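In our numbering, the protein residues as written are 31 to 179.
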């Protein structure tokens, strides 16, 4: 990756969410509030060629945990791992060079075997988390563990 690509990935995945959380917390000191960060299972795994993605998503999970530990009044905060979702990012992954991405066949198989989660289902599960935030005891959630039935 170029230096510019690395900087952009850090800006997108951790710098921007950190600044948004800071501003949000400052602006809504007394109101009930909920922060829902979108992370990734890659936060917990070392994946070849995904160093900055894994690192920034791990940092986002840590940011979420620290905010939760700070005991802000009337605050609920989550970092959600949405799973392998049928998005443009998955298309980009499937177009990767197999020499640079050893897990390419695994991600291609997810697509071929129709194992990608739909964006609609993920959105419904995120809404369920927001509407039922008091039912979730952990700050780091996997969308797979969220039932909307």
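Think of the CB as a built atom: it goes at the ideal place given N, C-alpha and C, for glycine as much as any other residue.
Quantities reported herein were computed from a predicted structural model and do not represent experimental measurements.
Counting only the Cα atoms, residue 179 lies some 14 angstroms from residue 165. Partner residues in a beta bridge of residue 158, as assigned by DSSP, do not exist.
For residue 96, the enclosing alpha helix (DSSP H) stretches over residues 81–99. About 5 angstroms separates the CB atoms of residue 171 and residue 110; that is less than 8 angstroms, so the two are in contact.
The beta carbons of residue 66 and residue 173 sit no closer together than 8 angstroms.
Less than 8 angstroms divides the Cβ of residue 51 from the Cβ of residue 93. In the structure shown, residue 107 falls within a strand segment according to DSSP collapsed to helix, strand and coil. Distance between residue 63 and residue 101, taken at the CA atoms: about 12 angstroms. Of the residues 116, 97 and 73, the one whose Cα lies closest to the Cα of residue 108 is 97. Beta-bridge analysis with DSSP links residue 115 to 147. Comparing C-alpha distances from residue 47 to each of 76, 87 and 82 shows the shortest one belongs to 87. DSSP places residue 63 in no alpha helix (DSSP H) but in the uninterrupted beta strand (DSSP E) bounded by 63–68.
As DSSP reads the structure, residue 171 sits in a beta bridge with 110. Rounded to the nearest whole angstrom, the CA to CA distance from residue 60 to residue 133 is 46 angstroms.
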